[in-house]
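Below is one structure, written out as structure tokens; the observations come after it.
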Amino acid sequence: MTTETTPVRFDTKIALLLREDLQTWQRLNVTAFLVSGLGSELPEVIGEPYADADDTPYLPMFRQPVLVFEGTKETLTAAHDRALSRALPRAVFTSDLFSTGNDRDNRAAVRAVPKGGLDLVGLAVYGPRNAVDKVLKGARMHP
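All letters in the sequence shown, in the order written, are residues 7 to 149 by our numbering.
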């Protein structure tokens, strides 16, 4: 039996992997961009809208926590390969995107590089908990 006080458990995981050498502003920027990709393509990860006691409406957010990890460039490359091999929904952020100024140029910068040559600084993945855990092997929780 489920009640409103029963904790909600998820059999899925939303996770971000950031390259460990990013500056603070870059970590925040990459995180915001990556999670926007998941929310726009996977409606099941979005919860219900919020409202305060005065019935002021607020936008819905993810229905579950987003776990943030960090790792080396090699860890990111391996995680990307594992996410692809498991066909998990994913979003990428490459170092080239720090020098573009708009969405069209961002997409062109990623399109210009083969997947094996992407200079990844961030990766977002969503899927079954065990599959996401395997993708993130070698990464550590972000401090």
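C-beta atoms are modelled at their ideal positions from N, C-alpha and C, and glycine is treated no differently.
Same chain, Cβ closer than 6 angstroms to residue i, five either side skipped, listed in chain order
i: residue 124; result: 100
i: residue 64; result: 56
i: residue 19; result: 135, 138
Per-residue DSSP class, three states only, for residue i
i: residue 79; result: helix
i: residue 130; result: strand
i: residue 36; result: helix
i: residue 104; result: helix
i: residue 14; result: coil
i: residue 94; result: coil
i: residue 149; result: coil
i: residue 49; result: helix
i: residue 69; result: coil
i: residue 44; result: helix
Pairwise C-alpha distance: residue j and residue i
i: residue 84; j: residue 147; result: 17 angstroms
i: residue 28; j: residue 16; result: 30 angstroms
i: residue 145; j: residue 81; result: 7 angstroms
i: residue 96; j: residue 119; result: 17 angstroms
i: residue 72; j: residue 143; result: 17 angstroms
Segment limits, alpha helix (DSSP H) that includes residue i
i: residue 140; result: 135-141
Bounding residues of the beta strand (DSSP E) (the contiguous stretch that carries residue i)
i: residue 118; result: Per DSSP, residue 118 belongs to no beta strand (DSSP E) and is neither H nor E.
Cut-off 8 angstroms between Cβ atoms - residues of its own chain near residue i, not counting five sequence neighbours on either side
i: residue 207; result: Given a span of 7 to 149 for the chain in the structure shown, any question on residue 207 remains unanswerable.
Quick check: the segment 73-80 against the segment 14-29, are there 3 or more CB pairs under 8 angstroms? yes
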